[in-house]
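Residue numbers (my numbering), protein chains in the order written: chain A, 1 to 210; chain B, 1001 to 1210.
Protein chains: 2
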Amino acid sequence: MSKGMLIVLSGPSGVGKGTVRQELTRRDKGQFVYSVSMTTRKMRPKEVDGVDYFFSTVDEFQQAIKNDQMLEYNQYVGNYYGTPRKYVEDTINQGKDIFLEIDVGGAMQVKEKMPEGVFIFLTPPDLKSLRGRITQRGTDSAAVIDRRMEQAINEINLMKEYDYAVVNDVVSKAADRIETIIESEHLKVERIIQDYLKVSGVQNDYKANN
Amino acid sequence: MSKGMLIVLSGPSGVGKGTVRQELTRRDKGQFVYSVSMTTRKMRPKEVDGVDYFFSTVDEFQQAIKNDQMLEYNQYVGNYYGTPRKYVEDTINQGKDIFLEIDVGGAMQVKEKMPEGVFIFLTPPDLKSLRGRITQRGTDSAAVIDRRMEQAINEINLMKEYDYAVVNDVVSKAADRIETIIESEHLKVERIIQDYLKVSGVQNDYKANN
């Protein structure tokens, strides 16, 4: 059986990663599994351990970090959040694709550990017209404009680290593009060749018989 | 304006490259230009120079080879056939994708000169079951079987040189997959980043004003 793929959807905060993921979930073609994060924050009513999150203690989480069992993690409002490596690897080894929606910091941590993943950068539709928008607004102080420009430039620089860039102009179109990328990635020789190497059983027999 | 892509469809002889290309032409979404080959064979009735082929003399063709103006070429039944490099490069520079349907020898020549192209390997659907088919047929001599196996193995080895593998099980499905690949390739960061670097005009202004 061929391995599944790791698909990482990321992008600057506010770009709409969650909305695009929800659109893909809504379509639910069963083409991939969504990664479940691990967290140390308290379980809320109606949340289910192993579905919404894997809930853990601070000790357990810190031990997991120490043992290199986290694909990525960070701290937010005093709690740890992260992606358990085992869950991702098990899913891939079962031949299923796993989908990770994650912030840019986390995505870079994942890329370091699993560079074979498919890294998709969701971009705001207005990146191109940003310059005009920022300067024409005219009400912001120079310092605020500077900070915005700097952030925009940083965002562009982050894009370089990804395999694909998808503009989030219309959510359904962004979801279409992501589906296209995943379909196409499944046709990559590097992913398919393993299946064809079953034919190399042919080759082995062939050589053995001669 | 961003550059167009070179798309190369190839595969073992008899796999149905021409039929799949015709299906793409029939759909004619205008998404790419088909490359026109150059040949020294005589023009036939109803053929149009520059449409069916670029017709040339042997001298002109050999001069083009000498001047590295052919992306690939070969000889067949005493005539030269090949792909003029300029036609391909001009199309790409105009921002249009160009589609080349070509034999495996030609594809490897193109890959050496334009490795940035998208190389798609069309495979027979029965490659996986080849072993069974070949041995179960039972009527062929060992020598014939050996030759077939060897050829199959060579075909698999060629696949490694390509970016994508598309099984030609049903022609319309094969054409769908090729369209998916092309759409997805257009979302690659390495192809998109140039357009986003227009924003680096922002960056330049930004730096100039500070």
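We put the beta carbon where it would ideally sit given N, CA and C, even for glycine.
Being a predicted model, the structure only gives us computed values, none of them experimental.
Proximity of residue i and residue j at Cβ, strictly below 8 Å
i               : j               : result
R1177 (chain B) : E1185 (chain B) : no
F121 (chain A)  : K111 (chain A)  : no
S172 (chain A)  : E23 (chain A)   : yes
T1091 (chain B) : V1033 (chain B) : yes
V36 (chain A)   : G14 (chain A)   : no
T1039 (chain B) : Y1087 (chain B) : no
D1163 (chain B) : K188 (chain A)  : yes
G117 (chain A)  : K3 (chain A)    : no
V166 (chain A)  : T123 (chain A)  : yes
V1008 (chain B) : A1143 (chain B) : no
E1047 (chain B) : Y1053 (chain B) : yes
G1011 (chain B) : V1104 (chain B) : yes
N1067 (chain B) : P1125 (chain B) : no
L6 (chain A)    : M114 (chain A)  : yes
I1182 (chain B) : Q1031 (chain B) : yes
Beta-bridge pairing of residue i - partner residues as DSSP gives them
i               : result
T1083 (chain B) : B:E1072
I98 (chain A)   : A:L6 and A:V33
T123 (chain A)  : A:V167
V1118 (chain B) : B:I1007
Amino acids of chain A, ordered along the chain, whose beta-carbon sits closer than 9 Å to that of residue i
i               : result
S1172 (chain B) : Within 9 Å Cβ-Cβ: nothing; S1172 (chain B) doesn't reach chain A, min ~15 Å.
F1121 (chain B) : V189
Chain A residues whose Cβ lies nearer than 7 Å to that of residue i
i               : result
A1165 (chain B) : L187, V189 and I192
S1184 (chain B) : T180, I181 and S184
R1177 (chain B) : L187
Chain-ordered chain B contacts of residue i [CB-CB under 9 Å]
i             : result
R27 (chain A) : Near R27 (chain A) there are no residues of chain B at all, since even the closest Cβ is about 17 Å away, more than 9 Å.
Any non-hydrogen atom of the ligand NAP closer than 7 Å to residue i Cβ
i               : result
E1023 (chain B) : No copy of the ligand NAP occurs in the structure displayed, which carries no ligand at all.
Partner residues on chain B for residue i, Cβ-Cβ distance less than 7 Å
i              : result
K160 (chain A) : V1189 and I1193
Short CB-CB distance (under 8 Å) between residue i and chain C
i               : result
T1039 (chain B) : The structure shown contains no chain C; its protein chains are A and B.
Counting pairs of Cβ atoms below 8 Å between the stretch 66–76 of chain A and the stretch 96–106 of chain A, do you hit three or more?
yes
With a floor of 3 residues, list each beta strand (DSSP E) that falls wholly inside the stretch 1027–1064 of chain B, ordered by position along the chain.
1032–1034
Count Cβ pairs between the stretch 38–52 of chain A and the stretch 15–28 of chain A that sit closer than 8 Å; are there 3 or more?
With the cut-off at 8 Å, the stretch 38–52 of chain A and the stretch 15–28 of chain A do not touch.
Any chance the stretch 152–171 of chain A sits against the stretch 1168–1183 of chain B, with 3 or more Cβ pairs inside 8 Å?
no
Considering only residues of the stretch 139–204 of chain A, which uninterrupted alpha helix (DSSP H) runs meet the minimum length of 4 residues and lie entirely inside it, listed in chain order?
142–159, 171–185 and 189–196
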